[in-house]
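K.L.:
Chains as they are written, first to last, in UniProt numbering: chain A, 1 to 242; chain B, 1 to 242. One structure is given below, represented as structure tokens, and several questions about it will come after.
Number of protein chains: 2
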Amino acid sequence: MDKLNMSRHISGKFNEELEAVRNQVLNMGGLVEQQLRDSLYAIEKSDHELAEKILQRDFNINAMEVQIDEACVQIIAKRQPAASDLRLVIAIFKTISDLERIGDEAERIARVALESFNNDQQQFLVSLENLGQQVLSMLHNVLDAFARMDLDSAYEVHQMDAQADRQYEALTRQLMTYMMEDPRGIPKVMNVLWSARSLERIGDRCQNIAEYIIFFVKGKDVRHVSAESMERTVKGPGVGKK
Amino acid sequence: MDKLNMSRHISGKFNEELEAVRNQVLNMGGLVEQQLRDSLYAIEKSDHELAEKILQRDFNINAMEVQIDEACVQIIAKRQPAASDLRLVIAIFKTISDLERIGDEAERIARVALESFNNDQQQFLVSLENLGQQVLSMLHNVLDAFARMDLDSAYEVHQMDAQADRQYEALTRQLMTYMMEDPRGIPKVMNVLWSARSLERIGDRCQNIAEYIIFFVKGKDVRHVSAESMERTVKGPGVGKK
Numbered sequence: 001m002d003k004l005n006m007s008r009h010i011s012g013k014f015n016e017e018l019e020a021v022r023n024q025v026l027n028m029g030g031l032v033e034q035q036l037r038d039s040l041y042a043i044e045k046s047d048h049e050l051a052e053k054i055l056q057r058d059f060n061i062n063a064m065e066v067q068i069d070e071a072c073v074q075i076i077a078k079r080q081p082a083a084s085d086l087r088l089v090i091a092i093f094k095t096i097s098d099l100e101r102i103g104d105e106a107e108r109i110a111r112v113a114l115e116s117f118n119n120d121q122q123q124f125l126v127s128l129e130n131l132g133q134q135v136l137s138m139l140h141n142v143l144d145a146f147a148r149m150d151l152d153s154a155y156e157v158h159q160m161d162a163q164a165d166r167q168y169e170a171l172t173r174q175l176m177t178y179m180m181e182d183p184r185g186i187p188k189v190m191n192v193l194w195s196a197r198s199l200e201r202i203g204d205r206c207q208n209i210a211e212y213i214i215f216f217v218k219g220k221d222v223r224h225v226s227a228e229s230m231e232r233t234v235k236g237p238g239v240g241k242k
Numbered sequence: 001m002d003k004l005n006m007s008r009h010i011s012g013k014f015n016e017e018l019e020a021v022r023n024q025v026l027n028m029g030g031l032v033e034q035q036l037r038d039s040l041y042a043i044e045k046s047d048h049e050l051a052e053k054i055l056q057r058d059f060n061i062n063a064m065e066v067q068i069d070e071a072c073v074q075i076i077a078k079r080q081p082a083a084s085d086l087r088l089v090i091a092i093f094k095t096i097s098d099l100e101r102i103g104d105e106a107e108r109i110a111r112v113a114l115e116s117f118n119n120d121q122q123q124f125l126v127s128l129e130n131l132g133q134q135v136l137s138m139l140h141n142v143l144d145a146f147a148r149m150d151l152d153s154a155y156e157v158h159q160m161d162a163q164a165d166r167q168y169e170a171l172t173r174q175l176m177t178y179m180m181e182d183p184r185g186i187p188k189v190m191n192v193l194w195s196a197r198s199l200e201r202i203g204d205r206c207q208n209i210a211e212y213i214i215f216f217v218k219g220k221d222v223r224h225v226s227a228e229s230m231e232r233t234v235k236g237p238g239v240g241k242k
């Protein structure tokens, strides 16, 4: 099944342009994923050199966002896309904005990785690592879903966010207890808390991207709708009704 | 000067559509501004009833975002806008996404307003109030700049964010000291900290909207550029160079 309807364009050039911009998004996604993976590694291993690299690379992500954005505007102006082509361009517009901000969150985490944590504090870095892995696989899967415009995978990522939220809340409680027990450690623990918050936000942004994929495939805006309505949109009208 | 070039459309209907969607954005902006103002008032006065109202109203903002988004897609599909019309539609697309998220942050602040703070804790609510007023006037001014597509006002808002960031950092330091002095108060202080973070993020989003206005008026993407390059774009080629 040709989900992207690439075959139906009379203009081969238009196909090429859409394909090119789609590939740019995938490249940008790959870089953002690497940034997140590296930032988690840098925190876990206190790898300051890697953290510095992450800070430098954020520049490339920003540049990619601006480039893709411009390419989308060009496509709208020149090709006057309609129906699913237009939805694709709009889904790309929104996706890259979330990707760029995921990059910013990875950068924030990398800044925390520049701190030196002592052995006592290692325990909460482990909890951060768990949340980090959950969010990293959400990002990986949603980029994969985007590459194939796969409705079911997008929906799965959307569902994964509840687990990330639970992990985040448990971690927050743990960190607050830690601060109460050892007030001198508060500034450092606060930084870990900000990182946890960054990860939670990345989960939300992956959920956003999943919604854009559903919008593209189904032509229906599923932001702010109930869980039942979302399920009906993805799985068909018979599902999710009582 | 007709900055929005409304006069040059042959189709009066197209004019009307653009005007209508622009008005919708202004309405949405007005509601978001009210949400933020109310959430600050609710925290300051511990007004739980008002806080509850804010939570309920967030639904309307989400609905407006979806509606305007759809109207923009329709305009692109039917009218195939080019040049400054297309830039306007794109600026609207992005602006409403930031507005919706400002609404979410106001909602988060309203949740904190549901807490009961004691007299001891009133002192840091006052500091939060200062940051809140700064950010509220950024939002007010950027919506005003959007209504008139006024380059200079947009640039002013952009510059105001540095002040908000400084206030945020001072507040964060103050709250951390407070936590170290009285660890039992940590959970409550943390909530104030999250609110401060929300305000700081709202400032960033106002800055984003200012960038979209500059993009619309100047046709140049000024995200991620240096302060000098931004100044040159806004004030002309002779400015900001050494």
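Even glycine gets a Cβ: it sits at the ideal position worked out from N, Cα and C. Note that this is a predicted model, so its numbers are computed, not measured.
#1: At the level of alpha carbons, what is the spacing between Pro237 (chain A) and Val225 (chain A)?
#2: Using a 10 Å radius around the Cβ and a threshold of 16 neighbouring Cβ atoms, would you call Lys45 (chain A) buried or exposed?
#3: Can you tell me where the alpha helix (DSSP H) with Ser195 (chain B) in it begins and where it stops?
#4: Rounded to a whole number of angstroms, what is the C-alpha to C-alpha distance between Ala164 (chain B) and Leu36 (chain B)?
#5: Mind pulling the alpha helix (DSSP H) runs of 4 or more residues that sit fully within the UniProt domain "PhoU" (26-112) of chain A?
#6: In chain B, which residues lie with their C-beta within 7 Å of the C-beta of Gln80 (chain A)?
#7: Output the boundary residues of the alpha helix (DSSP H) element that contains His158 (chain B).
#8: Could you check whether the Cβ of Ile202 (chain A) sits closer than 7 Å to any Cβ belonging to chain B?
#9: For Glu231 (chain A), which of helix, strand or coil comes out of DSSP?
#10: Can you confirm whether the stretch 205-213 of chain A touches the stretch 149-160 of chain A when touching is taken to mean that 3 or more C-beta pairs between the two stretches lie within less than 8 Å?
#11: Kindly confirm or deny that the stretch 46-65 of chain B and the stretch 102-122 of chain B touch, where touching means at least three C-beta pairs closer than 8 Å.
#12: Apart from the five residues just before and just after Lys3 (chain B), which ones in its own chain have a Cβ nearer than 6 Å to its Cβ?
#13: So which residues of chain B does His224 (chain A) contact, with C-beta pairs closer than 7 Å?
#14: Checking contacts by CB at 7 Å: is Ile109 (chain A) closer than that to chain B?
#15: Please state the DSSP three-state secondary structure of Asn141 (chain A).
#16: Flag this pair as yes or no: are the beta carbons of Val21 (chain B) and Ala91 (chain B) separated by less than 7 Å?
#17: For chain B, is any of its Cβ atoms less than 7 Å away from the one on Met149 (chain A)?
#18: For a test of the three-state rule: what should DSSP assign to Gly236 (chain A), helix, strand or coil?
#19: If you draw a straight line from the C-alpha of Leu18 (chain A) to the C-alpha of Ile75 (chain A), how long is it?
#20: Between Leu86 (chain B) and chain A, is the shortest Cβ-Cβ distance under 7 Å, so that the two count as touching?
#21: Once the 5 residues before and after Ala110 (chain A) are set aside, which same chain residues still bring their CB inside 7 Å of it?
#22: Quick check on Leu136 (chain A): does DSSP put it in helix, strand or coil?
#23: With distances taken between CB atoms, is the gap from Gln167 (chain A) to Gln133 (chain A) smaller than 7 Å?
#24: Using 7 Å as the limit for Cβ to Cβ distance, is Asp47 (chain A) near chain B?
#25: Which residues, in order along the stretch 19-31 of chain B, keep a beta-carbon less than 7 Å from a beta-carbon of chain A?
#26: Check this for me: beta carbons of Ser229 (chain A) and Leu171 (chain A), under 7 Å apart or not?
#27: Could you confirm whether any beta carbon from chain B is found closer than 7 Å to the beta carbon of Ala77 (chain A)?
P.N.:
Reading it off the structure:
#1: 15 Å
#2: exposed
#3: Per DSSP, Ser195 (chain B) belongs to the alpha helix (DSSP H) from Ile186 to Lys218.
#4: Ala164 (chain B) and Leu36 (chain B) have their alpha carbons spaced roughly 15 Å apart.
#5: 48-79
#6: Gln80
#7: Leu151 to Glu181
#8: no
#9: Looking at Glu231 (chain A) - three-state DSSP - the assignment turns out to be helix.
#10: Segments in contact, yes.
#11: yes
#12: For Lys3 (chain B), the predicted structure reports a pLDDT of 49, less than 50, and the residue's modelled location is therefore unreliable. The matter cannot be settled from this model.
#13: Neighbourhood of His224 (chain A) in chain B, by CB distance below 7 Å: Asn62 and Val66, in chain order.
#14: no
#15: helix
#16: Cβ distance not < 7 Å, so Val21 (chain B) and Ala91 (chain B) don't count as in contact.
#17: no
#18: Gly236 (chain A) carries a coil assignment under DSSP once its states are collapsed to helix, strand and coil.
#19: 8 Å
#20: yes
#21: Ser39, Ala42, Ala51, Ile54 and Leu55
#22: If DSSP states are grouped into helix, strand and coil, Leu136 (chain A) belongs with the helices.
#23: In this structure, Gln133 (chain A) does not lie closer than 7 Å to Gln167 (chain A) by Cβ.
#24: no
#25: Cβ contacts with chain A come from no residue of the stretch 19-31 of chain B.
#26: no
#27: yes
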